[in-house]
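Following: one structure in structure tokens, then a few remarks.
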């Protein structure tokens, strides 16, 4: 072993020690006596197998603790398997004398209680990717009892923290609340959003997302003529929520990986390359206590691997040098007419991307804005070339900071006067893990060349992004 | 003891046993080895003293476990006192080789990383009421290291979960991140909202809320000419966030209870009535490990008691019977002209209210919509009378379900044909406790008389609310 290698090893060991405490977030530990060790032990090798299958070096710094992190996040995201409705609702039923004074449900006052806009996250049982939920829960009190409002949210969250299909989620929340509160009826409505395949992410608005609406109802909410159901829908409309739930009572396959999947039989042809990864995902399901042979989970490991493989290491390098300059880009003009002082600054804005966070194996997605100086010929680089560049640096295991810099450096290599890149992204790992900051959004900047030394050039580019921000993410 | 009393006692004991598990929410237990018992023991008697001071019967069903619940929620809401920045950040610093290739901060790429729209809740150190925060955190990496994105959110949350002043919160987040990440600089910007005094809650839009903006910056973000600070503000503008932070560097007293407070010297006159409550709140501060003599906390117990006393039991009963009918209410007309089929249905919409949740001693606030049938005289009841009714039933320790029914019954007592009430409210207890569902909003309905039997009358009233919903909460 050479001196250089020894030094590298020593540094790695030191880093490993420094990282010992990593991710021991108080918020994530949960209150349970975690029987984690054994189960996580089964999950970590599975994640390592996935990394290897992606062509990654599992020992490189950014990935070294990814198996531990993924195992922990996955266990946290499926904690609903280890919770019970009884523990949540029991004791949170309050006698509400007034409700009892008259006969009939809700004390004869035709009343109902609705908690609207409960934001949840769940995991799609078809592909193991997270999906987001806007959940609305109502019930009609009976027997002179009301339930603590937060319990409607907690019970919904409990079922969301399992591998789910949106309609089953609605049904499970409805029947669990009905059984535990024993009201005159329960109404559940939810809108769900599933990330599309990376290639279907649309520019600017992320409109490629798959959206469905689902409902489930019991007791007095049932039946075509239930006026309580009409009232429930009216209360949702007050918040701008228009439920189109007529045709979604069945278990519709909504997962985009189901409609684009490789037929199961074809997987045998790919056996050598992907079989290890599929087995690894199957063992992850087993360690959650799930049955991989359950009808809805058949093919799930294959679909998750199919998704991951979209982000596998690509050893081809992409350079802009070879690209021809097209005419398809116009110089930035200040709003209200008048060319900018920096007439030679060009920009390509709102280029969509979807990457996979190398720390958590979860997607982050958003838009890239690129600014550069043209070469004096007055011609810019065609947008499609930038989109290819973004795809190359985005569609892999990444971190946003590195991706931003890499794109900036690639652009700088052909636009020698200067390059500037802004990336705006939502991180599923910020949402579906313990932090659960649903609306938080991360922006990164990299600035090179003249943009670094000329603040007005930088400001000019940022203004061009701002002018189009209304139509953005 | 009579047979009736014995039966009552037996029922109470049974209820107590059934409630034994109450609020043992897994989500709330936290991962810490809680040294809770002794401290909560000090807090629960304090809460009981507050209930007695409010003229309440602390043994009535809705309040029986309120001391336990408040103690737990208060401890959870101030868990930041028992967390350390080191534990959160340590080990989440990732070497990012590319950032190191060039000299200067962010590897010479003029870059920064900004997490925008982190939603937080904190407690105002001036009055102990929760306030909400939209937090934005940026930093410029240095030394070839980036920090896990979620840590920016977690560190911010840690300081928010203490008794705070908005500007100090911004400063503490900034300096803690600077010390722990050792970047080239940290930028923190936040917008904060504080609930106003109940009497200042405005109709429809809740515009009475006190809003302030605060910023704190270190390193390369400092100075008037910092272009990195300009970039940071530009990235916020992309999300529609316009920071007006020029004049908020000082610790401005923003708490509405500070500007309307009873001078401290006057409290001696009230000694007999409120002194016990003030002592109780002081003991709550002590049990958090806070120093009640810290400058910023002087007067806090008095202010919190002053707030609570706005919701004290009022033994006067309010009836609409005595009110004269005015001309100030017009019959509901369908949008697009044309009177409704139910010409005699009248409505008073968006009556603001602020109540105090009897389960958590935290405010819930929103609007009340009232529908009723006029008496045939063609004259309605003046809006001010309804507002007085809402104030009477709202401004006390309440639960939303009961308040809805009580208002409906009061209206029904004068409008014998029918009465219908919808209450829409945000509950601080749904937000600042463990659930943290910031956008969730609860709607309750009570329906009496002809509204119960005539679905079209009910639909007509709900439509009138919907038609004005755009301008509502």
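Protein chains in written order, with the UniProt record's numbering: chain A, 1 to 473; chain B, 1 to 473.
C-beta: ideal position from N, C-alpha, C; glycine also.
Residue i, buried or exposed, once every other Cβ within 10 Å from all chains shown has been counted against 16
| i | result |
| --- | --- |
| residue 152(A) | buried |
| residue 359(A) | buried |
| residue 365(B) | buried |
| residue 416(A) | exposed |
| residue 84(A) | exposed |
| residue 224(B) | exposed |
| residue 253(B) | exposed |
| residue 396(B) | buried |
| residue 157(B) | buried |
| residue 294(A) | exposed |
| residue 404(B) | buried |
| residue 231(B) | buried |
| residue 86(B) | exposed |
| residue 282(A) | buried |
| residue 53(A) | buried |
Cα-Cα separation between residue i and residue j, rounded to whole angstroms
| i | j | result |
| --- | --- | --- |
| residue 465(A) | residue 186(A) | 47 Å |
| residue 227(A) | residue 296(B) | 54 Å |
| residue 459(A) | residue 133(A) | 38 Å |
| residue 314(B) | residue 427(A) | 51 Å |
| residue 381(A) | residue 370(A) | 11 Å |
| residue 110(B) | residue 61(A) | 24 Å |
| residue 76(B) | residue 288(B) | 11 Å |
| residue 154(A) | residue 147(A) | 12 Å |
| residue 423(A) | residue 349(A) | 10 Å |
| residue 212(A) | residue 425(A) | 23 Å |
| residue 346(A) | residue 444(A) | 19 Å |
| residue 165(B) | residue 233(A) | 41 Å |
| residue 74(A) | residue 80(A) | 11 Å |
| residue 136(B) | residue 130(A) | 25 Å |
| residue 106(B) | residue 305(A) | 35 Å |
| residue 169(A) | residue 71(B) | 33 Å |
Residue i: contacting residues in chain B (beta-carbon distance under 9 Å)
| i | result |
| --- | --- |
| residue 476(A) | Examination of residue 476(A) is not possible in this model, given that chain A is present from 1 through 473 alone. |
| residue 258(A) | Near residue 258(A) there are no residues of chain B at all, since even the closest Cβ is about 30 Å away, more than 9 Å. |
| residue 220(A) | Within 9 Å Cβ-Cβ: nothing; residue 220(A) doesn't reach chain B, min ~13 Å. |
Contact set between residue i and chain A, taken where Cβ atoms lie within less than 8 Å
| i | result |
| --- | --- |
| residue 94(B) | 61, 62, 359, 399 |
| residue 282(B) | In chain order: nothing, as chain A lies at least about 28 Å away. |
Short Cβ contact (8 Å threshold) for residue i with residue j
| i | j | result |
| --- | --- | --- |
| residue 303(A) | residue 351(A) | no |
| residue 455(B) | residue 354(B) | no |
| residue 182(A) | residue 140(A) | no |
| residue 448(A) | residue 408(A) | yes |
| residue 67(B) | residue 89(B) | no |
| residue 218(B) | residue 174(B) | yes |
| residue 94(B) | residue 145(B) | yes |
| residue 179(A) | residue 238(B) | no |
| residue 184(A) | residue 216(A) | no |
| residue 439(B) | residue 117(A) | yes |
Residue i: first and last residue of the uninterrupted alpha helix (DSSP H) it sits in
| i | result |
| --- | --- |
| residue 394(A) | 383-394 |
| residue 151(B) | 149-160 |
| residue 478(B) | The structure shown has nothing for residue 478(B), since chain B only spans 1 to 473. |
| residue 87(B) | 85-89 |
| residue 517(B) | The requested residue 517(B) is not part of the displayed model; chain B covers only 1 to 473. |
Residue i, enclosing beta strand (DSSP E) - first and last residue
| i | result |
| --- | --- |
| residue 190(A) | 185-194 |
| residue 69(B) | Note, residue 69(B): premise wrong, no beta strand (DSSP E); alpha helix (DSSP H) at 66-77. |
| residue 243(A) | Element bounds for residue 243(A): n/a, residue is neither H nor E. |
| residue 441(A) | 441-449 |
| residue 257(B) | Element bounds for residue 257(B): not the beta strand (DSSP E) but the alpha helix (DSSP H), 256-259. |
| residue 349(A) | 345-357 |
Per-residue contacts from residue i into chain A (C-beta, under 7 Å)
| i | result |
| --- | --- |
| residue 224(B) | Simply none; closest approach about 13 Å. |
| residue 211(B) | Neighbours of residue 211(B) on chain A: none; closest Cβ ~18 Å, over 7 Å. |
| residue 115(B) | 440, 442 |
| residue 182(B) | Under the 7 Å cutoff, chain A gives no residues; its nearest Cβ is about 13 Å from residue 182(B). |
Cross-chain neighbours of residue i in chain A, by beta carbon under 9 Å
| i | result |
| --- | --- |
| residue 217(B) | Result: empty, since nearest Cβ-Cβ is about 16 Å, beyond 9 Å. |
Residues that residue i contacts on chain B, provided the C-beta gap is smaller than 7 Å
| i | result |
| --- | --- |
| residue 109(A) | 405, 408, 446, 447, 448 |
Contacts that residue i makes with chain B (C-beta to C-beta distance below 8 Å)
| i | result |
| --- | --- |
| residue 141(A) | 401 |
Practice problem: With 9 Å as the limit, tell me which residues of the stretch 451-468 of chain A have their beta carbon closer than that to any beta carbon of chain D; keep them in chain order. | Solution: Chain labels in this structure do not include chain D; the protein chains are A and B.
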